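Protein chains in written order, with this note's numbering: chain A, 1 to 305; chain B, 1 to 249; chain C, 1 to 289.
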Amino acid sequence: MRPADPRLVLLLIALAGVLAFVLPGHATTLLTEALILALFALSLDLLVGHARLTSFGHAGPWALGAYLAGAMMLSWGVPLPFAVLLAGLGTAALAIPIGWLCVRTGGVTFAMLSLAFAQLGYAVVVKWNAVTGGSDGLAGIPRAGLPDVLAGREGYHLLVAVFLAAAYLVAHGFITSPLGRIVAAVRENEQRAEALGHDPRRIRLTVFVLSYFLAGIAGALYAGFAGYVSPELFFWTVSGHVLVMVILGGAGTLIGPMLGALVFFYAEHELSALTESWGLFLGLLFILVVIFAPRGLMGLVRRTS
Amino acid sequence: MSLLECRGLTRAWGAFRAVDGVDLDLAEREICAVIGPNGAGKSTLFAMIAGNLRKSAGTVRFDGEEVSQLSAPALASRGVARSFQITAICPGLTALENVRLGVQARQPLRWRPFGGSAAMREGETRALHWLERLSLADRAQTPAGELAHGDQRLLEVAVALAQEPRLLILDEPTQGMSVEETRRTVDLLHGVMAEAATAVLLVEHDLDVVFALAPRIVVLHRGRKIADGPAAQVRADDAVQQAYLGGLD
Amino acid sequence: MDPLTLFTLQTLNALSLSALLFFISLGLTLIFGIMRVVNFAHGALFMLGAYVGVATQTASGSFLLSLIAAPLAAAVLGLAFERCALSRLYAREHSAFLLVTFGLALALTEAIRLIWGADARQAELPDSLSGIVFVMDEPFPIYRLLLIGAGLACALLCWAGLQRTRLGLLLRAASQNPTMTAALGNDVGRVRAAVFAMACALAALGGALAAPLLSASLGLGSNVIIDAFVIVMIGGMGSFLGTAAGSLLVGFAQTFGNYYAPELALGMTYALMIAVLVVRPGGLFGRVE
Chain A
1 MRPADPRLVL
11 LLIALAGVLA
21 FVLPGHATTL
31 LTEALILALF
41 ALSLDLLVGH
51 ARLTSFGHAG
61 PWALGAYLAG
71 AMMLSWGVPL
81 PFAVLLAGLG
91 TAALAIPIGW
101 LCVRTGGVTF
111 AMLSLAFAQL
121 GYAVVVKWNA
131 VTGGSDGLAG
141 IPRAGLPDVL
151 AGREGYHLLV
161 AVFLAAAYLV
171 AHGFITSPLG
181 RIVAAVRENE
191 QRAEALGHDP
201 RRIRLTVFVL
211 SYFLAGIAGA
221 LYAGFAGYVS
231 PELFFWTVSG
241 HVLVMVILGG
251 AGTLIGPMLG
261 ALVFFYAEHE
271 LSALTESWGL
281 FLGLLFILVV
291 IFAPRGLMGL
301 VRRTS
Chain B
1 MSLLECRGLT
11 RAWGAFRAVD
21 GVDLDLAERE
31 ICAVIGPNGA
41 GKSTLFAMIA
51 GNLRKSAGTV
61 RFDGEEVSQL
71 SAPALASRGV
81 ARSFQITAIC
91 PGLTALENVR
101 LGVQARQPLR
111 WRPFGGSAAM
121 REGETRALHW
131 LERLSLADRA
141 QTPAGELAHG
151 DQRLLEVAVA
161 LAQEPRLLIL
171 DEPTQGMSVE
181 ETRRTVDLLH
191 GVMAEAATAV
201 LLVEHDLDVV
211 FALAPRIVVL
221 HRGRKIADGP
231 AAQVRADDAV
241 QQAYLGGLD
Chain C
1 MDPLTLFTLQ
11 TLNALSLSAL
21 LFFISLGLTL
31 IFGIMRVVNF
41 AHGALFMLGA
51 YVGVATQTAS
61 GSFLLSLIAA
71 PLAAAVLGLA
81 FERCALSRLY
91 AREHSAFLLV
101 TFGLALALTE
111 AIRLIWGADA
121 RQAELPDSLS
131 GIVFVMDEPF
141 PIYRLLLIGA
151 GLACALLCWA
161 GLQRTRLGLL
171 LRAASQNPTM
181 TAALGNDVGR
191 VRAAVFAMAC
201 ALAALGGALA
211 APLLSASLGL
221 GSNVIIDAFV
231 IVMIGGMGSF
241 LGTAAGSLLV
251 GFAQTFGNYY
261 APELALGMTY
271 ALMIAVLVVR
281 PGGLFGRVE
């Protein structure tokens, strides 16, 4: 599928950012969380949609980014924007050895290897009490070094929107760049990509690292948003949820997964307010979407327009 | 100095030697066909030259450089382009994008992770040129996987040509084509091979195609080279007649 | 307790855990081998087995009956799910299965909570099974020995079934090459439905057997499925022998790890899986896809 017009997407993100000044307070808080999840889903779409590497361990970079940023702000008071960027870079650095091992394979083996690494992260933070706070996690994380305007509810929302817009531009720029097109070639036909002079493993590693970088940023923003991090962030159900967001929205479209994240998040929220058995309906909803909307929500949008 | 120098190329699977001590030299811009009955080792030989398959023994020099141990991507970036016996294109990308990726393969900007849209546009112009030369221009925006079989074979040649290779390896370019398609393909190949400044190694079953395109012919039989020379001379060779040409009658 | 006795008891513990893990992993690997589906709902089905088992026992007072009711319920549910949802998706990419089985896991967990509530429930063992025996003069629960026996019996039965029966032959053929099996005139659709139902039944049986030990709780499914994934990946997806070996490896790693190195135990199984997959991407007994 062709990527959507980036100007339209940026406009939508800007709109979501400005909404903070219109919506009542609790609705803004919800939307902030939704936008962070959108960034998380966007990062996974690079792997799943663009490189067709179905990661089942994306909780790994998300939680790692959250812990890194949380620790930096809690212990050393690193200003939030720097903490977020450094957390992203740290996650990306760790993604190089992890990715090198993971991208040698594809399909189910890749999914399970990425899952194993995320679970390994879970095991480490649970047991490494002294640094990670063990199963309690780290609480009381401040939004360090931000002027009051940005540290408040609306200000932080705006900051998240800016990060999301930047991340989208990075992702969009990457998939339409010469290197991004090579990623598409590797996805479509590895033998052809080799005959064109590209080492598939190295190309996949590039996407892997970029995807982990963005996921780390999303996690870091979440740490600043929630004010605490816990080992649950690493748990495989988180990976499952974000994968559902991507596929629900339409993998490979960048905007689809972001919308998928919003739909998922609000469906979960609204259904849980309506009925106690929201999980039942959400589960059934996924099953129906998969059967009747094979290309996700974006596929539905494209078909009707 | 030859562009390509193969010495004693051998590939063995257990006791079976698919290719057995083959020497092969190719000059710049020389066009050479490799023929032989089924199982003679033609595709295996090509796979070793292009770095797709490890060699059991023997060496390859390309443009004076020892390249025996290099991988397929490394050889490709030194100027070896190829088509495969089973078409290898990117089915989900448009025909134009397939060829543009071939153009991009030789551009210095190819690794740029962001931007580079000017280079992309320039690449498209070059790509369109090659599509036109293989009469695929009207299907530029069609996803490659939706092209007819014959067009997919031609598209793969266009991708390889777009790499502006110094050595072009074509593995049965007319495989699976009708007589009519084959004739058209031969005409098209004739034109582009004259235009591209490249040496060509060609495997082909259809001897009419071979004689139409290649002034020089190498004959493989059971992994060994049994003849090598100008087409007319190889055609008249007794051993070749027995091993191959006779076998078809 | 002398080291040898301790080692023996731990070995028996590890074997009984391996047996439980084998029940869920075998179904997972069968489903993957035949249908190329990674079934994320398998943990939820294991959990369903535990709950149905407890409920049956509460209602009827018979533990044995619970071991029949649980797999039966899961088989019926599995069959319905395969026919209604999975069977429409075989032509699609594997990400479709991921989402659809994830949806089932979510819905099933929630349905269980609706029916049985959020509290954990434990099955009561009948007197005949709740006793202890003395192993090297140390007490050891009979039930754990029984689990080892059940796991062994299940392994042998399935192995014989796969090797000796016509259905087994068909399954192995379908696992090797689905299109070819269809061309041979066998109804691949029916084979898939049967396998899925059978695999669900196996998982539920494991759940019912586990209920007296682990108790039925809502987190059971999402915890146990990870172990099952680790096992199946270590053994090689679709490989029967690999699953048996993987169950033993994980069972032993967890039991001994928890005793000798509790700090490292949790991470050990994942590290084991990573090591195996890096060295052999297809698993110990599997082929590379």
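Where a beta carbon is used, it is the ideal one built from N, C-alpha and C, also for glycine.
Only a predicted model underlies this, so the values are computations on that prediction, with no experimental measurement involved.
Exercise. Anyone know if the C-beta pair for residue 212 (chain B) and residue 219 (chain B) falls short of 8 angstroms?
Worked result: no
Exercise. Among C:197, C:286, C:275, C:212, which residue has its Cα nearest to the Cα of residue 83 (chain C)?
Worked result: C:197
Problem set entry | Listed by chain order, chain A residues near residue 163 (chain B) by CB distance under 9 angstroms | 195, 196, 197
Problem set entry | Pick from A:214, A:93, A:139, A:223 that is closest to residue 169 (chain A), judged by C-alpha positions | A:214
For this session: Could you check what DSSP says for residue 5 (chain A) in three-state terms: helix, strand or coil?
Result: coil
For this session: Flag residue 32 (chain B) as yes if its beta-carbon sits less than 8 angstroms from any beta-carbon of chain A, otherwise no.
Result: no
For this session: With DSSP as the reference, label residue 10 (chain B) as helix, strand or coil.
Result: strand
Exercise. Mind pulling the chain C residues with CB within less than 9 angstroms of residue 117 (chain A)?
Worked result: 270, 274
Exercise. Hey, how far is the Cα of residue 94 (chain C) from the Cα of residue 109 (chain A)?
Worked result: 13 angstroms
Problem set entry | Interface flag, residue 104 (chain B) vs chain A, CB-CB below 8 angstroms | yes
Exercise. Using a Cβ-Cβ distance under 8 angstroms, would residue 38 (chain C) count as near chain A?
Worked result: yes
Problem set entry | Neighbour flag for residue 43 (chain A) against chain B, beta carbons, 8 angstroms | no
For this session: Kindly indicate if chain B contains any beta-carbon less than 8 angstroms away from that of residue 99 (chain A).
Result: no
Problem set entry | CA nearest to the CA of residue 89 (chain C), picked from C:254, C:37, C:12, C:253 | C:37
Exercise. What are the partner residues of residue 171 (chain B), as DSSP defines its beta bridges?
Worked result: B:203
Exercise. What residues from chain A crowd round residue 192 (chain C), counting only those whose CB sits closer than 8 angstroms?
Worked result: Per Cβ cutoff of 8 angstroms: no residues; residue 192 (chain C) is ~16 angstroms from chain A at best.
Exercise. Can the beta-carbon of residue 141 (chain B) be found closer than 8 angstroms to that of residue 94 (chain B)?
Worked result: yes
For this session: Go ahead and label residue 270 (chain C) buried or exposed: buried means 16 or more other beta carbons lie within 10 angstroms of its beta carbon, across all protein chains shown.
Result: buried
Exercise. Residue 225 (chain B) lies in the beta strand (DSSP E); which residues open and close that run?
Worked result: 224-230
Problem set entry | Contact with chain C by residue 123 (chain A), beta-carbon distance below 8 angstroms | yes
For this session: Please check the pair residue 205 (chain B) and residue 172 (chain B), which I expect to be a contact at CB under 8 angstroms, by giving their CB distance rounded to whole angstroms.
Result: 6 angstroms
Exercise. Between residue 106 (chain C) and chain A, is there a C-beta pair that is closer than 8 angstroms?
Worked result: yes
Exercise. How big is the Cα-Cα spacing for residue 236 (chain A) and residue 151 (chain B)?
Worked result: 46 angstroms
For this session: Answer with buried or exposed for residue 289 (chain C), where buried requires no fewer than 16 other C-beta atoms within 10 angstroms of its C-beta.
Result: Annotation note: pLDDT 49 at residue 289 (chain C) (below 50); position unreliable, coordinate value reported separately. Classification of residue 289 (chain C): exposed, given that the 10 Å Cβ count is below 16.
Problem set entry | residue 203 (chain C) and residue 74 (chain C) closer than 8 angstroms at C-beta | yes
For this session: Give the DSSP-derived three-state secondary structure of residue 53 (chain A) in the structure shown.
Result: coil
Exercise. By the 10 Å Cβ neighbour count, where 16 or more other Cβ atoms means buried, how is residue 1 (chain B) classified, buried or exposed?
Worked result: exposed
Exercise. Within the chosen definition, does the stretch 6-19 of chain C reach the stretch 245-255 of chain C through at least 3 CB pairs nearer than 8 angstroms?
Worked result: yes
For this session: Please decide whether residue 248 (chain B) counts as near chain A, where near means a Cβ-Cβ distance under 8 angstroms.
Result: Reliability of the predicted coordinates at residue 248 (chain B) is poor, the pLDDT of 47 falling under 50, and no value is obtained from them.
Problem set entry | C-alpha gap between residue 87 (chain C) and residue 295 (chain A), whole angstroms | 18 angstroms
For this session: Provide the residue span of the beta strand (DSSP E) that contains residue 219 (chain B), from first to last.
Result: 216-221
For this session: Express the C-alpha separation of residue 279 (chain A) and residue 132 (chain C) in angstroms, rounding to a whole number.
Result: 42 angstroms
Exercise. Given a limit of 9 angstroms on CB to CB distance, which residues of the stretch 135-156 of chain A reach chain B?
Worked result: none
For this session: Give the straight-line distance between the Cα atoms of residue 297 (chain A) and residue 114 (chain A), rounded to the nearest whole angstrom.
Result: 26 angstroms
Problem set entry | Neighbourhood of residue 98 (chain C) by C-beta, 7 angstroms cutoff - its chain only, sequence neighbours within 5 removed | 38, 40
Exercise. So with Cβ pairs under 8 angstroms, would you call residue 277 (chain C) a contact of chain A?
Worked result: yes
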